[in-house]
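Take a look at the structure below.
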Amino acid sequence: MEVYNTRFRGDRHTLQFYVKPTHDSEKFQTERLPHPDLGCGIYLMDLNQTISAWGGDRTESLRTWDPSAENWSAPHSPETGPLRSGDGQMRIGKGLLTFCSNKATYNDRVILTPPKVGRYYNFYYANGFLCFYYGNRSEQGGFTRVMACPWTPADQTPIDLTKAISIECKFVGATPFAWGQFQNELLTVSNYGGVYAFDGKQWRTIKEASKKYSYQIYSMLNFRDRLLLAQYPSGELFEYRGGSEIKQLHGWPPRLPEVSPSAREAQTLAIYRGDLFAGVWPWGELWRYNEDEDRWFSLGRMFSHPVAHKRTVHPYEEHALEHKLVLNHWGQRVTGLVPLGDSLMVSTSTKGTYPWSEKYTFLTDDQRREYGSVLHFKMNGNLAAQIKWKDEPIQLEFVVEPDRLVIRQDGQELGSTPFSTDDIKRLQTATLTWGNGIFGKLNGTLQNSMRK
2 MEVYNTRFRG DRHTLQFYVK PTHDSEKFQT ERLPHPDLGC GIYLMDLNQT
52 ISAWGGDRTE SLRTWDPSAE NWSAPHSPET GPLRSGDGQM RIGKGLLTFC
102 SNKATYNDRV ILTPPKVGRY YNFYYANGFL CFYYGNRSEQ GGFTRVMACP
152 WTPADQTPID LTKAISIECK FVGATPFAWG QFQNELLTVS NYGGVYAFDG
202 KQWRTIKEAS KKYSYQIYSM LNFRDRLLLA QYPSGELFEY RGGSEIKQLH
252 GWPPRLPEVS PSAREAQTLA IYRGDLFAGV WPWGELWRYN EDEDRWFSLG
302 RMFSHPVAHK RTVHPYEEHA LEHKLVLNHW GQRVTGLVPL GDSLMVSTST
352 KGTYPWSEKY TFLTDDQRRE YGSVLHFKMN GNLAAQIKWK DEPIQLEFVV
402 EPDRLVIRQD GQELGSTPFS TDDIKRLQTA TLTWGNGIFG KLNGTLQNSM
452 RK
């Protein structure tokens with residue numbers, strides 16, 4: 002699954018296998034994990050089928066979940082330094098590419114050092130290019146550029162910035178909330194609504210940035226034959242299929258009828274159990290799209306309070322005013338959607354990753370802990386596991402056994418989950434399509450395939 006949700010990119014080495022049961026296929030369970038105690042907001046970072054809660058741009062803002070002990074690690078920072086929004090780690094082959102503290106490293110090797118002027122931020126790697134924003138906010142000579150630097154793990158020298166291909170952003174201080182890719186293009190969208198595409202040779206502007214209206218993209222996900230973009234203020238998804246058009250998908254997802262249609266933000270996307278999931282601000286809504294039925298289903302809100310209403314656009318506006326906060330301070334975000342084993346991990350936040358204050362007496366302790374929390378969401382029939390990269394072909398097996406689903410690589414079990422079905426014939430006679438499905442077209446070579 003290729004997805005980027007606001008702060009972090011999903012782990013590209015996570016593999017999903019799903020079978021939709023014929024009975025009770027719509028049933029789901031949610032359970033809130035112990036609170037990470039990182040304040041009123043977190044985002045999820047996943048690597049190697051492990052999730053960490055990130056509590057903002059400060060030191061020791063990470064806590065990693067231990068499912069066997071059912072608790073969170075002590076707060077910490079990566080060895081490379083504190084994580085800012087847009088930093089992170091990703092697997093490339095057998096190595097680990099890290100973006101952190103204004104620089105980039107591959108394993109233990111520094112490949113990009115901090116600039117003498119300005120800063121590098123919001124990194125993304127794809128198609129042999131390390132991309133990032135480069136900005137300097139000085140009153141004279143201020144600039145913001147999107148950079149694409151050719152680099153692969155085979156390169157033994159640091160990135161050569163003289164070979165970088167860049168595009169100037171219209172407004173100084175532009176920043177993205179998501180990156181994505183479609184076929185041979187990379188896409189990024191600035192907070193001013195500028196949409197920029199890079200084809201490996203040059204950048205082009207698909208949509209001009211503007212300060213006259215809001216147009217922000219908070220998530221990008223490859224889905225079938227298109228790239229989906231989650232937008233504010235419509236709260237709906239847009240699609241990109243190449244060319245010069247980004248098309249709004251009206252009603253994707255719908256809106257709970259009891260809340261305001263204003264200032265909505267589709268913030269998070271995921272594919273889980275073969276369906277498309279979307280998290281929506283400001284009422285913490287979670288929606289599921291069943292492609293077979295061409296229908297959206299509400300999974301409710303990830304908060305139990307307050308009762309949804311249209312009196313105000315955001316929850317608790319009166320208390321935000323009382324404490325001299327921005328009006329939407331207590332808006333409710335779904336900030337993370339991460340497939341993990343048989344589950345989908347969901348995280349929540351206020352508008353920002355703010356610390357908690359005891360002066361906010363209008364919330365009980367249980368209520369305030371619904372902000373900055375992680376929920377364990379589960380539907381029957383999904384398994385996510387981590388592949389083991391090799392610089393050679395690998396053999397993957399997806400097996401439906403009498404009582405479980407199994408993924409194997411080169412004969413070794415990567416993961417399993419309990420599962421039972423009473424319609425084996427349906428699975429035996431189902432049509433298989435190799436290399437092109439709900440996750441998009443396979444970007445690789447399928448040397449052989451068989452069914453037995």
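The opening residue of the sequence shown carries number 2 in the numbering used here; numbering runs sequentially from there. Idealized CB from N, CA, C, for every residue including glycine. Fair warning: this is a prediction, and the values are worked out from it, not measured in the lab.
Inset, instruction - Look up residue 427 in the DSSP assignment and say whether it is helix, strand or coil. - result: By 1-based counting over the sequence shown, the position of residue 427 is 426. Helix at residue 427.
Inset, instruction - Indicate the three-state DSSP secondary structure (helix, strand or coil) for residue 109 in the structure shown. - result: In the sequence shown, residue 109 corresponds to position 108, counting from 1. The answer is coil: DSSP assigns residue 109 none of H, G, I, E or B.
Legend entry - Range covered by the beta strand (DSSP E) that runs through residue 377: By 1-based counting over the sequence shown, the position of residue 377 is 376. Residue 377: member of the beta strand (DSSP E) spanning 375–379, first to last residue.
Inset, instruction - With DSSP collapsed to three states, give me the class of residue 251. - result: Locating residue 251 in the sequence shown gives position 250, where the first residue counts as 1. It is coil, neither helix nor strand.
Legend entry - Local Cβ density within 10 Å of residue 182, reported as buried at 16 or more and exposed below that: Within the sequence shown, numbered from 1, the residue matching residue 182 stands at position 181. Taking a 10 Å sphere around the C-beta of residue 182, we find 16 or more other C-beta atoms and assign the residue as buried.
Legend entry - Counterpart residues of residue 77 in DSSP-defined beta bridges: In the sequence shown, the residue the question calls residue 77 occupies position 76. Residue 77 pairs with 63.
Inset, instruction - In angstroms with no decimal places, state the Cα-to-Cα distance between residue 342 and residue 143. - result: Position 341 of the sequence shown, counted from the start, is the residue given in the question as residue 342. Position 142 of the sequence shown, counted from the start, is the residue given in the question as residue 143. Their Cα atoms are separated by approximately 46 angstroms.
Legend entry - One or two residues paired with residue 2 in a DSSP bridge: Start at 1 with the first residue of the sequence shown, and residue 2 comes out as number 1. Looking at the DSSP output, residue 2 sits in no beta bridge, so it has no partner there.
Inset, instruction - Whole angstroms is fine: what's the gap from residue 408's alpha carbon to residue 453's? - result: Here residue 408 refers to the residue found at position 407 of the sequence shown. Here residue 453 refers to the residue found at position 452 of the sequence shown. Answer to the nearest angstrom: the Cα atoms are 15 angstroms apart.
Inset, instruction - Specify, as a first and last residue, the run of the alpha helix (DSSP H) that residue 322 falls within. - result: Mapped onto the sequence shown, residue 322 falls at position 321. Unbroken alpha helix (DSSP H) run through residue 322: 318–323.
Inset, instruction - Quick one: residues in its chain with C-beta nearer than 7 angstroms to the C-beta of residue 355, no 5 flanking neighbours on either side, listed in chain order? - result: In the sequence shown, counting from the first residue as 1, residue 355 sits at position 354. Same-chain partners within the cutoff: 40, 41 and 42.
Legend entry - Whole-angstrom distance between residue 96 and residue 269, CA atom to CA atom: Looking up residue 269 in the sequence shown gives position 268. Looking up residue 96 in the sequence shown gives position 95. Looking at the two C-alpha atoms, the distance is approximately 27 angstroms.
Legend entry - Beta-ladder partner(s) of residue 350, from DSSP: What you label residue 350 is simply residue 349 of the sequence shown in a count that begins at 1. Note: residue 350 sits in a beta bridge opposite 42 and 334.
Inset, instruction - Measure the beta-carbon distance from residue 349 to residue 382 and round it to whole angstroms, keeping in mind my assumption that it falls under 8 angstroms. - result: Numbered from 1 along the sequence shown, position 348 holds the residue referred to as residue 349. Numbered from 1 along the sequence shown, position 381 holds the residue referred to as residue 382. About 25 angstroms; that fails the 8 angstroms criterion.
Inset, instruction - Report buried or exposed for residue 70, applying the criterion of at least 16 other Cβ atoms within 10 angstroms of its Cβ. - result: Along the sequence shown, read from residue 1 onward, the residue named residue 70 stands at position 69. Residue 70 should be labelled exposed.
Inset, instruction - Compare the Cα-Cα distances from residue 232 to each of 214, 162 and 22 and report the closest residue. - result: Taking the first residue of the sequence shown as 1, we reach residue 232 at position 231. For the set 214, 162 and 22, the Cα lying nearest the Cα of residue 232 is the one of 214.
Inset, instruction - Please confirm if the stretch 100–108 is in contact with the stretch 123–142, defined as three or more CB-CB distances below 8 angstroms between the two stretches. - result: Flag = yes, the stretch 100–108 and the stretch 123–142 touch.
Inset, instruction - Determine the DSSP secondary structure at residue 145, reduced to helix, strand or coil. - result: The count along the sequence shown starts at 1 and reaches residue 145 at position 144. Three-state DSSP puts residue 145 in a strand.
Inset, instruction - May I have the straight-line CA-CA distance separating residue 88 from residue 361, to the nearest angstrom? - result: Counting from one through the sequence shown, the residue named residue 88 turns up at place 87. Counting from one through the sequence shown, the residue named residue 361 turns up at place 360. If I take the Cα positions, the gap works out to 31 angstroms.
Inset, instruction - Could you name the residues that DSSP lists as bridge partners for residue 17? - result: Residue 17 sits at position 16 when you count from the first residue of the sequence shown. Residue 17 is bridged to 385.
Inset, instruction - Identify whether residue 104 lies in helix, strand or coil by the three-state DSSP scheme. - result: Within the sequence shown, numbered from 1, the residue matching residue 104 stands at position 103. DSSP, read as helix, strand or coil, puts residue 104 in strand.
Inset, instruction - Just list the beta strand (DSSP E) runs in the stretch 217–290, keeping only unbroken ones of 3 residues or longer that don't cross its boundaries, in chain order. - result: Counting only runs of 3 or more residues that sit fully inside the stretch 217–290, the beta strand (DSSP E) segments are 217–224, 227–233, 238–241, 247–250, 266–273 and 276–282, in chain order.
Inset, instruction - Look at the Cβ atom of residue 278, then the Cβ atom of residue 338, and state whether they are nearer than 8 angstroms. - result: Position 277 of the sequence shown holds residue 278. Position 337 of the sequence shown holds residue 338. Yes; because the gap between Cβ atoms is below 8 angstroms, this pair is in contact.
Legend entry - Through-space distance from residue 161 to residue 186, alpha-carbon basis: Position 185 of the sequence shown holds residue 186. Position 160 of the sequence shown holds residue 161. Taking the straight line joining both Cα atoms gives about 22 angstroms.
Legend entry - Cβ distance (whole Å) where residue 227 is taken to contact residue 246 below 8 angstroms: Working through the sequence shown from its first residue, we reach residue 227 at position 226. Working through the sequence shown from its first residue, we reach residue 246 at position 245. Incorrect: roughly 11 angstroms between the Cβ atoms, too far for contact.
Legend entry - Continuous alpha helix (DSSP H) assignments of at least 4 residues falling wholly in the stretch 152–217: DSSP runs (the alpha helix (DSSP H)) wholly in the stretch 152–217: none.
Legend entry - Whole-angstrom distance between residue 15 and residue 24, CA atom to CA atom: Start at 1 with the first residue of the sequence shown, and residue 24 comes out as number 23. Start at 1 with the first residue of the sequence shown, and residue 15 comes out as number 14. So the two alpha carbons sit approximately 27 angstroms from each other.
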